[in-house]
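K.L.:
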Amino acid sequence: MTQRFQSITPGVHLSEQVAEALSAEIRAGRPAAGEKLPTEAALVEQFAVSRTVVREAVSRLKSLGVVESRQGSGVFVRQAAFAPLNFDTRSAASMQAVVQMVEVRRALEAEVAALAAQRRSADQLKDIRLAMAALDDAVRAGGAGAEEDVNFHRAIAGAAQNPFLISTLDYLRQFLRGVTRVTRANEARRADFVRQVRDEHEAITRAIESGDALKARQAATRHMDNAIERIRQADPAFWEQEGVQLASALVSGAARP
Numbered sequence: 027m028t029q030r031f032q033s034i035t036p037g038v039h040l041s042e043q044v045a046e047a048l049s050a051e052i053r054a055g056r057p058a059a060g061e062k063l064p065t066e067a068a069l070v071e072q073f074a075v076s077r078t079v080v081r082e083a084v085s086r087l088k089s090l091g092v093v094e095s096r097q098g099s100g101v102f103v104r105q106a107a108f109a110p111l112n113f114d115t116r117s118a119a120s121m122q123a124v125v126q127m128v129e130v131r132r133a134l135e136a137e138v139a140a141l142a143a144q145r146r147s148a149d150q151l152k153d154i155r156l157a158m159a160a161l162d163d164a165v166r167a168g169g170a171g172a173e174e175d176v177n178f179h180r181a182i183a184g185a186a187q188n189p190f191l192i193s194t195l196d197y198l199r200q201f202l203r204g205v206t207r208v209t210r211a212n213e214a215r216r217a218d219f220v221r222q223v224r225d226e227h228e229a230i231t232r233a234i235e236s237g238d239a240l241k242a243r244q245a246a247t248r249h250m251d252n253a254i255e256r257i258r259q260a261d262p263a264f265w266e267q268e269g270v271q272l273a274s275a276l277v278s279g280a281a282r283p
């Protein structure tokens, strides 16, 4: 990878542009698996960006499992048995990107709810109810309840008792947490949205408690369908201000724990 890269367009997501350019070179085998990335100084010169931008870009590639640091040796392309899952970040700060991520959630959450209805234990049902109560408390305290919402759905995933599904959701949750922040922030702006979400969560929980897999799947699907509709009904001002700020973190936030 001795050639000069194409120039980077100035903007607020320079590190994402650098990460994408590096990823493209790595996918093309320049450098190949096991080979070393150019030094930080060389990347700064080639991309004509700051050291901070380069460090953020490399950090992102590390979080995605594309590269790894070796103490005292530098950063190397990882030997991977398969290509790591990645997302195109260029349209992350948009309503359509949020809708598409909720569609991903819909496909997974419906099956998770159905399995939870079939397999949940008494302790897991208690965990789901406790997570729901924590979400209610957060909303009553005036918060959006984004983290509590994530924890509620995580409790349902635990009740599904499928380690592969849980691992998949845990990986995706670093991206989906940003989606939840957007949807909850939008829903918190309207009392009717808050009531709808609470009712939908209750319907999912009751179906799981009753052991009705079909109803649980339908309730989870309905919840995600309605979430998409609520996104589309959001005040345009939301997307011009708070929404776009939260949506821009859908993928960049993945590097954070």
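For the record, in the sequence shown the residue sitting at position 215 is 241 according to the working numbering, with numbers rising by one throughout. The beta-carbon is built from N, C-alpha and C at its ideal position, and this holds for glycine as well.
Any idea what DSSP makes of residue 96, helix, strand or coil?
P.N.:
Taking the sequence shown and counting its residues from 1, one reaches residue 96 at position 70. Correct three-state label for residue 96: strand.
K.L.:
Determine, using beta carbons only, whether residue 169 and residue 161 come nearer to each other than 7 Å.
P.N.:
The count along the sequence shown starts at 1 and reaches residue 169 at position 143. The count along the sequence shown starts at 1 and reaches residue 161 at position 135. Against a cut-off of 7 Å, the Cβ pair of residue 161 and residue 169 comes out as no contact.
K.L.:
Can you tell me whether residue 70 is helix, strand or coil according to DSSP?
P.N.:
Within the sequence shown, the letter at position 44 stands for residue 70. Helix, per DSSP.
K.L.:
Can you tell me the Cα-Cα spacing of residue 79 and residue 40, whole angstroms?
P.N.:
Locating residue 79 in the sequence shown gives position 53, counting from the first residue. Locating residue 40 in the sequence shown gives position 14, counting from the first residue. One C-alpha to the other measures close to 6 Å.
K.L.:
In whole angstroms, what is the alpha-carbon distance linking residue 142 and residue 248?
P.N.:
Within the sequence shown, the letter at position 116 stands for residue 142. Within the sequence shown, the letter at position 222 stands for residue 248. About 17 Å.
K.L.:
Residue 101 bridges to which residues according to DSSP?
P.N.:
As a first step, residue 101 is located in the sequence shown; it is residue number 75 there, counting from the start. Answer by DSSP bridge pairing, in chain order: 95.
K.L.:
Could you compute how far the alpha carbon of residue 57 sits from the alpha carbon of residue 199?
P.N.:
Numbered from 1 along the sequence shown, position 31 holds the residue referred to as residue 57. Numbered from 1 along the sequence shown, position 173 holds the residue referred to as residue 199. Those two C-alpha atoms are separated by around 30 Å.
K.L.:
Our contact map puts residue 88 next to residue 82 with C-beta atoms below 8 Å; I'd like the distance itself, whole angstroms only.
P.N.:
Position 62 of the sequence shown, counted from the first residue, corresponds to residue 88. Position 56 of the sequence shown, counted from the first residue, corresponds to residue 82. The Cβ separation is near 11 Å, so there is no contact.
K.L.:
Specify, as a first and last residue, the run of the alpha helix (DSSP H) that residue 177 falls within.
P.N.:
Start at 1 with the first residue of the sequence shown, and residue 177 comes out as number 151. Taken as a continuous stretch (DSSP letters only), the alpha helix (DSSP H) holding residue 177 covers 172-186.
K.L.:
Counting only the same chain and skipping the five closest in sequence on each side, list residues whose C-beta sits under 7 Å from that of residue 252.
P.N.:
The residue you call residue 252 lines up with position 226 of the sequence shown. Same-chain partners within the cutoff: 222 and 226.
K.L.:
Hey, how far is the Cα of residue 185 from the Cα of residue 218?
P.N.:
Taking the sequence shown and counting its residues from 1, the one referred to as residue 185 is at position 159. Taking the sequence shown and counting its residues from 1, the one referred to as residue 218 is at position 192. Taking the straight line from one Cα to the other gives about 29 Å.
K.L.:
Tell me where the alpha helix (DSSP H) around residue 78 begins and ends.
P.N.:
The residue labelled residue 78 in the question sits at position 52 within the sequence shown. First-last of the alpha helix (DSSP H) with residue 78: 77-89.
K.L.:
Report the residue from 178, 72, 260 and 235 whose alpha carbon sits nearest the alpha carbon of residue 159.
P.N.:
The residue labelled residue 159 in the question sits at position 133 within the sequence shown. It is 178.
K.L.:
Give the C-beta separation of residue 60 and residue 103 to the nearest angstrom, bearing in mind that I take them to be a contact with Cβ-Cβ under 8 Å.
P.N.:
Here residue 60 corresponds to residue number 34 of the sequence shown, with the count starting at 1. Here residue 103 corresponds to residue number 77 of the sequence shown, with the count starting at 1. Their Cβ separation, rounded to whole angstroms, is 6 Å, which keeps residue 60 and residue 103 in contact under 8 Å.
K.L.:
The alpha helix (DSSP H) spanning residue 231 covers which residue range?
P.N.:
Here residue 231 is taken as the residue at index 205 of the sequence shown, counted from 1. Element bounds for residue 231: 217-236.
K.L.:
Give a yes or no on whether the C-beta atoms belonging to residue 230 and residue 245 are separated by under 7 Å.
P.N.:
The sequence position of residue 230 within the sequence shown is 204, counting from 1. The sequence position of residue 245 within the sequence shown is 219, counting from 1. Result yes, Cβ atoms of residue 230 and residue 245 sit closer than 7 Å.
K.L.:
So who's on the other strand from residue 62, going by DSSP bridges?
P.N.:
What you label residue 62 is simply residue 36 of the sequence shown in a count that begins at 1. DSSP lists 102 as partners of residue 62.
K.L.:
Just to confirm before moving on: does the CB-CB distance between residue 250 and residue 128 stay below 7 Å?
P.N.:
Here the question's residue 250 lines up with position 224 in the sequence shown. Here the question's residue 128 lines up with position 102 in the sequence shown. Yes, they are a contact pair.
K.L.:
In this structure, how does DSSP classify residue 261 when only helix, strand and coil are distinguished?
P.N.:
Working through the sequence shown from its first residue, we reach residue 261 at position 235. Three-state result, residue 261: coil.
K.L.:
State yes or no: is the C-beta of residue 288 within less than 7 Å of the C-beta of residue 192?
P.N.:
Nothing about residue 288 can be reported from this structure: the residues present for the chain run from 27 to 283 only.
K.L.:
Got a sec, what are the start and stop residues for the alpha helix (DSSP H) residue 155 sits in?
P.N.:
Here residue 155 refers to the residue found at position 129 when the sequence shown is read from its first residue. It spans 148-166 - the alpha helix (DSSP H) in which residue 155 sits, taken as one unbroken run.
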